[in-house]
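Under our numbering, the letters of the sequence shown match residues 32 to 338, in that order.
Notes for the one structure printed next.
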Amino acid sequence: MKKEKPRVAIQGIRASFHEEAALKYFGENIQTIECNSFKQTFDALENNQADYVVMAIENSIAGSILPNYSLLLNYNFPVIGEIYLPIQLHLMALPGVTFEQIKYVTSHPIAIRQCIDFFDEFPHLKIVESVDTAACAKRIADEKLTDTVAIANTLAAKLYGLDIIERRIESNKKNFTRFLILTAHENVVKAPANKASLCFQVSNQVGALAKVLNIFANQGVNMSKIQSMPVLGKRNEYNFYVDVEWEETKQYDSAVKQILKYTHNFNILGEYKRHEEEPTPEQIVKTSPSKPERKYISIKKLAKNTK
């Protein structure tokens, strides 16, 4: 029975970056299933409490989220798509709160690390780590905190009624997170694909992995990602997670047939359409007149003069 709204499991709560990615991929007409962990999102899919999972797999600054690769293999749900989300981090507070009142900044540890330049400007601010960016914004709204601000996205500010007092405080404006879209096997709809996520092992011999990589190259298949993970309990054995892209399906099919000879425990984690890149902020800037370097909140100078 087809449901009116797809149920999408995310790690975190509403207005988190995971929900923002889900909305970008599926559109506004979804039902968000909030989960405390990535494992719980897979359990929700396994127990038919969700139709899809949206899961972050890598960030352009923080790198790969290694435990999530194990979830892909252990649960064996097919990957049916991907989405890249630009990560824009804002400082938000209760309406009426001024910067002079702020003593604490709370957010997810990864979000905090992405704003290191901002904290260098204001070393008096005390950092409080939490499990979710949106949950920090919700806590400020629920508890009416006037001495605390959150680092989160625009969606969180709107949903929880907070004012953004400083925009784009992330140190690197070229920050993106890649999310995978997964579903149960019975929900998979066969569609044209030009990207696949694979997992396999090779023998521990000289040149074993090189043979596999050369096959991809010889068939004109682009390997866009490779990640190794130790096989639990086995010395010197690794799972290789590989993303490949192609222009013609026959290139991919031929490559897979050949590498089966040199691999074992070969798994196709998913075949899907790769995310088509939208113009990045730096590309847009290149077409616009250059602007002076952005400065943070202007009260910094006032604070220095009062010392």
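The beta-carbon is built from N, C-alpha and C at its ideal position, and this holds for glycine as well.
Practice item. To the nearest angstrom, report how far apart Ala224 and Ala286 are at their CA atoms. Key: Within the sequence shown, the letter at position 193 stands for residue 224. Within the sequence shown, the letter at position 255 stands for residue 286. Taking the straight line joining both Cα atoms gives about 15 Å.
Point to revise | Enclosing alpha helix (DSSP H) for Glu160 [first to last residue] | key: For this step, residue 160 is matched to residue 129 along the sequence shown. It is not in any alpha helix (DSSP H) - Glu160 instead sits in the beta strand (DSSP E) that spans Lys157 to Glu160.
Practice item. Measure the alpha-carbon distance for Gln314 versus Lys204 and round it to whole angstroms. Key: The residue labelled residue 314 in the question sits at position 283 within the sequence shown. The residue labelled residue 204 in the question sits at position 173 within the sequence shown. Only weak support exists for where Gln314 lies, its pLDDT of 49 falling under 50; the value from the coordinates is given anyway. The C-alpha of Gln314 lies about 12 Å from the C-alpha of Lys204.
Point to revise | Closer than 7 Å to chain D by CB, Ser47 | key: No chain D is part of this structure, which consists of one protein chain only.
Exercise for review: Report the three-state DSSP secondary structure of Leu263 (helix, strand or coil).
Suggested key: Taking the sequence shown and counting its residues from 1, one reaches residue 263 at position 232. Here Leu263 sits in coil by DSSP.
Review point. Under a Cβ-count criterion, where at least 16 other Cβ atoms within 10 Å of its own Cβ denotes burial, should Gly301 be classed as buried or exposed?
Key: In the sequence shown, residue 301 corresponds to position 270, counting from 1. Burial call: buried.
Review point. CA-CA distance, Ser255 and Leu240?
Key: Reading the sequence shown from its first residue, position 224 is the one you call residue 255. Reading the sequence shown from its first residue, position 209 is the one you call residue 240. Each residue's alpha carbon lies about 16 Å from the other.
Check your understanding: Mapping DSSP to helix, strand and coil, what is Arg38?
Key -> Along the sequence shown, one-based indexing puts residue 38 at 7. Of the three classes helix, strand and coil, the one that applies to Arg38 here is strand, per DSSP.
Point to revise | Backbone CA spacing between Glu308 and Ser234 [nearest angstrom] | key: As a working mapping, residue 308 is identified with position 277 in the sequence shown. As a working mapping, residue 234 is identified with position 203 in the sequence shown. Rounded to the nearest angstrom, the two C-alpha atoms are 36 Å apart.
Point to revise | Outcome for His216 when other beta-carbon atoms lying within 10 angstroms are tallied against a minimum of 16 | key: Numbered from 1 along the sequence shown, position 185 holds the residue referred to as residue 216. With fewer than 16 Cβ atoms within 10 Å of its Cβ, His216 is classed as exposed.
Check your understanding: Residues in its own chain within less than 8 Å of Asp82 by CB, not counting five upstream and five downstream?
Key -> The residue labelled residue 82 in the question sits at position 51 within the sequence shown. Sequence-distant Cβ neighbours of Asp82 in its own chain, meaning closer than 8 Å and more than five residues away, are Lys34, Pro37, Arg38, Val39, Leu76, Thr214, Ala215 and Asn218.
Review point. Within this structure, are the beta carbons of Ala172 and Ile44 separated by less than 7 Å?
Key: Here the question's residue 172 lines up with position 141 in the sequence shown. Here the question's residue 44 lines up with position 13 in the sequence shown. Note that the C-beta distance between Ala172 and Ile44 is not below 7 Å.
Exercise for review: Quick one: grab the DSSP three-state call for Ile114.
Suggested key: Counting from 1 along the sequence shown, the entry for residue 114 is found at position 83. DSSP places Ile114 within a strand segment (E or B) once states are collapsed to three.
Practice item. Go through its chain and collect everything with a Cβ distance to Ala17's Cβ below 6 Å, but skip five positions before and after it. Key: Look at the range of the chain in this structure, 32 to 338, and you will see that residue 17 is not part of it.
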